[in-house]
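Trainee: In order, the protein sequences belong to chains A and B.
Sequential numbering of the first sequence, starting at 55, is according to our numbering.
Sequential numbering of the second sequence, starting at 8, is according to our numbering.
Cβ coordinates follow ideal geometry from the N, Cα and C atoms, glycine included.
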Amino acid sequence: MIALFFRDLKLSVRAGGGAMIGVLFFMTVVSVIPFGVGPDLNLLARIGPAILWIGALLAALLGLDRLFQAEREDGSLDLLLMQETPLLLTVFVKCTAHWAATGLPLVVASPFLGLFMNMDELAIGATMLTLLAGTPAITFIGAVGAAVAVALPRGGLLVSILVLPLAIPVLIFGVSAVYAAVEDPAPFLPPFMILMAITLFFAVIGPVAAAAALRHSAD
Amino acid sequence: MMRLLVEVLSARRGEDLIFHDISFALSAGEALVVTGPNGSGKSTLLRVLAGLLQAESGRVSLEDGPSGFEHPHELSHYLGHRNAMKRELTVEENLSFWRHFLGNSPGGSGIDLAAAAAAVGLAGITHLPFGYLSAGQQRRMAMAKLLVAYRPIWILDEPTAALDAGADRLFAGLVTSHLARGGIVIAATHQSLGIGQAKTLQMTGFAH
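1) If you scan the region 137-209 of chain A from start to end, which runs of the alpha helix (DSSP H) of 4 or more residues do you find wholly inside it?
2) Suppose the cutoff is 6 Å on Cβ atoms and the five residues either side in sequence are ignored; what does the same chain contact list for K206 of chain B look like?
3) Who are the neighbours of Y85 of chain B on chain A, taking C-beta pairs under 8 Å?
4) Could you check what DSSP says for L163 of chain B in three-state terms: helix, strand or coil?
5) R147 of chain B by DSSP, collapsed to three states: which one?
6) By how many angstroms is the C-alpha of G157 of chain A removed from the C-alpha of S64 of chain B?
7) Please list the partners that R66 of chain B has in chain A, where partner means a Cβ-to-Cβ separation under 8 Å.
8) So is the beta-carbon of I101 of chain A under 8 Å away from any non-hydrogen atom of the ligand FAD?
9) Hey, could you find the ends of the beta strand (DSSP E) L86 of chain B is sitting in?
10) Show which residues of chain B have a CB atom less than 8 Å away from the CB atom of A155 of chain A.
11) Which value, in whole angstroms, describes the spacing of the CA atoms of V213 of chain A and A191 of chain A?
12) Which residue marks the beginning of the alpha helix (DSSP H) containing K4 of chain B, and which one marks its end?
13) Using 9 Å as the limit for Cβ to Cβ distance, is G72 of chain A near chain B?
14) Chain A beta carbons: is any one of them nearer than 9 Å to that of E95 of chain B?
15) So what's L78 of chain A in DSSP terms, helix, strand or just coil?
16) Is it the case that the Cβ atoms of A57 of chain B and H88 of chain B are separated by a distance below 9 Å?
17) Which residue marks the beginning of the beta strand (DSSP E) containing R20 of chain B, and which one marks its end?
18) Could you tell me whether the Cβ of S47 of chain B comes closer than 9 Å to any Cβ of chain A?
19) Can you look up Q123 of chain A in the DSSP assignment and give me helix, strand or coil?
20) Going by DSSP, what residue range makes up the beta strand (DSSP E) through D28 of chain B?
21) Select from the region 164-187 of chain B all residues with a C-beta closer than 8 Å to any C-beta belonging to chain E, and list them in chain order.
22) Relative to the C-alpha of V147 of chain A, which candidate in A:A203, A:A263, A:A57 has its C-alpha closest?
23) Hey, would you say M92 of chain B sits closer than 9 Å to D128 of chain A, going by beta carbons?
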């Protein structure tokens, strides 16, 4: 299982891997916002956390369709399916590797992009923390979509559309936790706890559903 | 003595049964060669045996096998049409991954990477990315995958496609030594595999 984790990590940083694509997309989305909105610093600071979250959500969805499709194309998926190791464990490990390669860089990049949006330290810190807690949920939700669309040759956009409704709660509670941290009366902890609960919930449900979908995709 | 039992197996491709009522038994050290024209259901049969397709009826079971395994496919290597190797990784990284991920089945152990590469006649190029190799070399390296982790049952779908005559002989040697160690081999092929005695199963295609 550790071997699988490191193989997937290696694959995503080699040529053709998706690790940097997500961060570049995230950067592109966030860096054009100030040009579009104009130099109203207060407005930028106010919408900053939301923009960062939307950018991160879209960037995290970007490479998800390849999660199982690449395995299927070269026949590796057959061997992953045949083993004694429970398939949901294999799926879980693949998800964590995918998150480490594409989700974690988004979290690391978010403070720098926060500067573009004229956010203060507290808002940047809160955004980083909520992204750290929330992006794994997006990966686990996306794994289900990726498993359902594994046999479709142009499944990319379909995966994003399939999983978007499920990813909306992550976005809502992520953004509201950041605003709660910045604005005084609202408490930070309740939305943040719900965000973590969503992540834990999908960390269990996601691999189970994805494994079931992969079992039935065989042909 | 381990025995692989297949009883009245049938499978569907679309609406029709592509084969039905196939039964055979293979003891340790025996091989089965599945022959038949294109589209006669050879690959489907092998995928059913590998647990990748649902059988319509019948069952596949293992007699006197190691305990703790529910299905024979957990004790099987499957070499399909695709090589299950990543083009971006080096041959060594590919083989090392499968060696650790697959692990050994009870009753044997895989040989190390260099020895496996030497056994398929490609020692010394394991540092190259898999994508740089020719089609024949890629196929040979996919066979090396069978050697790095031990599995008593080998399920091989047209193993010698894209191989030259020398590789054919080399592969026959690998299969023969696997059988000599008490393994079971099921292979679908158009050419003869060049292994001594093997049971044969002739597939005929859709049963109407």
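Mentor: Short version:
1) 141-152, 158-170, 175-202
2) Result list for K206 of chain B: L39, in chain order.
3) Among the residues of chain A, those whose CB is under 8 Å from the CB of Y85 of chain B are D132, L133, M136, following chain order.
4) strand
5) Note: R147 of chain B maps to helix in three-state DSSP.
6) 44 Å
7) Ordered by position in chain A, no residue passes the 8 Å Cβ test against R66 of chain B, which lies about 17 Å from the chain.
8) As presented, the structure is devoid of all ligands, the ligand FAD included, so that no description of it is given.
9) 83-86
10) Correct list: empty, because the minimum Cβ distance to chain B is about 13 Å.
11) Using only the alpha carbons, I get a separation of about 15 Å.
12) This structure leaves residue 4 of chain B out entirely; chain B is present only between 8 and 215.
13) no
14) yes
15) helix
16) no
17) 10-20
18) no
19) Reduced to three states, the DSSP call for Q123 of chain A is helix.
20) 23-34
21) Any reference to chain E falls outside this structure, whose protein chains are A and B.
22) A:A57
23) Against a cut-off of 9 Å, the Cβ pair of D128 of chain A and M92 of chain B comes out as a contact.
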